[in-house]
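**Student:** Submitted below is the structure of interest, expressed as C-alpha cells.
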Amino acid sequence: MEVKEAIASRVSIRRYAESSIPPEHMETLFRAMQLAPSANNEQNWEFVFVGDADIKHRLISACSNQSFVGSCSYFIAGVVDPGQKWHMVDITISLTNFTLQAAELGYGTCWIGAFDELRVKEILSVPNEKKVVICMTVGTPEGRHVPRGRKAIKKFIFLNHYASRWSLSK
314 MEVKEAIASR
324 VSIRRYAESS
334 IPPEHMETLF
344 RAMQLAPSAN
354 NEQNWEFVFV
364 GDADIKHRLI
374 SACSNQSFVG
384 SCSYFIAGVV
394 DPGQKWHMVD
404 ITISLTNFTL
414 QAAELGYGTC
424 WIGAFDELRV
434 KEILSVPNEK
444 KVVICMTVGT
454 PEGRHVPRGR
464 KAIKKFIFLN
474 HYASRWSLSK
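Residue numbers for the sequence shown, in my numbering: 314 to 483.
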C-alpha cells in the first residue's frame, strides 16, 4: 500500500475484532512513531500502550464511556512534558505516522480526545509532572468500514490571503 492509499483508506474504527497484533508489527509501528519529525528534534513524546483487558475496561469510563476502548488490541495514552512549547504538534505527528503505518498493516485506529486526563493518569500511573494530551485505540477492524465524505478542498485551502481561495483545475 502506498502512503496515499493509507491516507485515503484510513477511517476511525470503533469496532474491533478479537485479535492480537504480532510483536513484529508492533515494532514496525513503534519505528514509524520514532521517525516522526519534531521541533528541534526533541522527540517530546512518550506512549503508554495498554493491552491488559482489566485496565482497558477501567479506561472506558475515563474516556467518556466509549466502549470500543475495551475491545481494541491496545489503548494508547500520549504523554508529554508540558514545559516543551510544541508538544501538541510533535506528539500528533508521531501518532499520525502510527495511524498511517497501522493502516498499511491492516489495522484500524481511533483518535480519542474526549477523556478525563486525571483519571487516565491515575489508572496508568503517569507521573504528576507529565501530561496526557491524546489517546488512541488500535486493533483489527471488525466488519467493513467505508471512508465518510470529505469537505471540498476549495472550502479550506487559500492562496496568499485568507480571502483568496485556491483555484483547482478539477
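Using N, Cα and C, we set each Cβ at its ideal position, and we do this for glycine too.
1. Consider the Cβ of G391: report whether some Cβ of chain B lies at a distance smaller than 9 Å.
2. Based on the DSSP output, what are the partners of K468 in its beta bridges?
3. Report yes or no: do the segment 315–330 and the segment 358–370 share at least 3 C-beta pairs separated by less than 8 Å?
4. Which residue marks the beginning of the beta strand (DSSP E) containing F360, and which one marks its end?
5. Looking only at its chain, what residues have a beta carbon closer than 7 Å to the beta carbon of A416, apart from the 5 residues adjacent to it on each side?
6. For the beta strand (DSSP E) containing A390, list its first residue and its last residue.
7. Could you tell me whether the segment 444–461 touches the segment 414–431, using the rule of 3 or more Cβ pairs below 8 Å?
8. Determine the direct distance from the alpha carbon of K443 to that of G396, and round the result to whole angstroms.
9. Between the segment 398–405 and the segment 350–362, are three or more C-beta pairs nearer than 8 Å?
10. H400 and V446 look like a contact to me (Cβ under 8 Å); what is the Cβ gap, rounded to whole Å?
11. If you follow the beta strand (DSSP E) that I425 is in, where does it begin and where does it stop?
12. Taking the C-alpha atoms as reference points, what is the distance between S374 and L348?
13. For D429 and Y329, what's the separation of their Cα atoms in angstroms?
14. Mind checking A390: buried by the 16 CB within 10 Å criterion, or exposed?
15. Between K468, R432, Y387, which has its C-alpha nearest F503's C-alpha?
16. May I ask you to report which of helix, strand or coil DSSP gives K434?
17. Would you identify the three-state DSSP class for P454, choosing helix, strand or coil?
18. Where does L481 land, buried or exposed, given buried means 16+ other C-beta within 10 angstroms?
**Tutor:** By the coordinates alone:
1. Of the protein chains in this structure there is only one, and it is not chain B.
2. DSSP output for K468 lists no bridge partner at all.
3. no
4. 359–363
5. Excluding positions up to five away in sequence, the list reads A319, S322, R323.
6. Start and end: 387–393.
7. These segments touch.
8. 9 Å
9. By the Cβ criterion, the segment 398–405 is in contact with the segment 350–362, since at least three pairs of Cβ atoms, one from each stretch, lie closer than 8 Å.
10. Between V446 and H400 the Cβ distance is about 7 Å, and since that is below 8 Å, they are a contact.
11. 421–425
12. 33 Å
13. 23 Å
14. buried
15. Past the edges of the chain, shown from 314 to 483, lies residue 503, and the structure says nothing about it.
16. helix
17. strand
18. exposed
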